[in-house]
Amino acid sequence: STKAEVRFHVHTADWIPQDVRQKILEKNKNRINKAGELLVTSETSRSQQRNLSDCIQKISSIIAEASEKPREASAEDSAVREARLEKRNKERLKEKRIHSATKHSRCVEFD
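Residues 1 to 111 in full-length UniProt numbering are what the sequence shown lists, from first letter to last.
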């Protein structure tokens, strides 16, 4: 079989910052075994060497993804988001009023 399997012990990787290690553990819970090893496999190629390099590439991308800092929203983005939220809320309240009026019109008062 040409399948390659790489086990990467996340806890002992001191060259990775602690917060990045935590993100790796949180985002890849299903790939971590009881020993705390990140298990990466590959069987895409017919060559075991290519599959091994693919596993290493996968680990590299996992580390890179975990070490990315979330970008801060600019003032313009925040303003646009607030405007959309306000518009959506107004539309929701309008729909509620219409729905309420429809139900109220069905009501018959016996006075």
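Built from N, CA and C at the ideal position, the CB exists for glycine as well.
Report back the beta-carbon spacing between residue i and residue j to the nearest angstrom; my notes put them in contact at under 8 Å.
| i | j | result |
| --- | --- | --- |
| residue 66 | residue 29 | About 13 Å separates the two Cβ atoms, so there is no contact after all. |
| residue 6 | residue 59 | 6 Å |
| residue 48 | residue 2 | 4 Å |
| residue 31 | residue 39 | 5 Å |
Within 10 angstroms of the Cβ of residue i, are there 16 or more other Cβ atoms? Answer buried if so, exposed if not.
| i | result |
| --- | --- |
| residue 110 | exposed |
| residue 80 | exposed |
| residue 51 | buried |
| residue 93 | exposed |
| residue 85 | exposed |
| residue 83 | exposed |
| residue 101 | exposed |
| residue 73 | exposed |
| residue 64 | exposed |
Going by DSSP, name the residue or residues bridged to residue i.
| i | result |
| --- | --- |
| residue 4 | 42 |
| residue 98 | According to DSSP, residue 98 bridges with nothing at all. |
| residue 37 | 9 |
| residue 32 | 38 |
Determine the closest residue to residue i out of the options, with distance taken between C-alpha atoms.
| i | options | result |
| --- | --- | --- |
| residue 26 | 62, 46, 13 | 62 |
| residue 54 | 46, 42, 64 | 42 |
| residue 69 | 37, 17, 77 | 17 |
| residue 34 | 10, 104, 71 | 10 |
Do we get a CB-CB distance below 8 Å when we pair residue i with the residues of chain D?
| i | result |
| --- | --- |
| residue 6 | Any reference to chain D falls outside this structure, which holds one protein chain only. |
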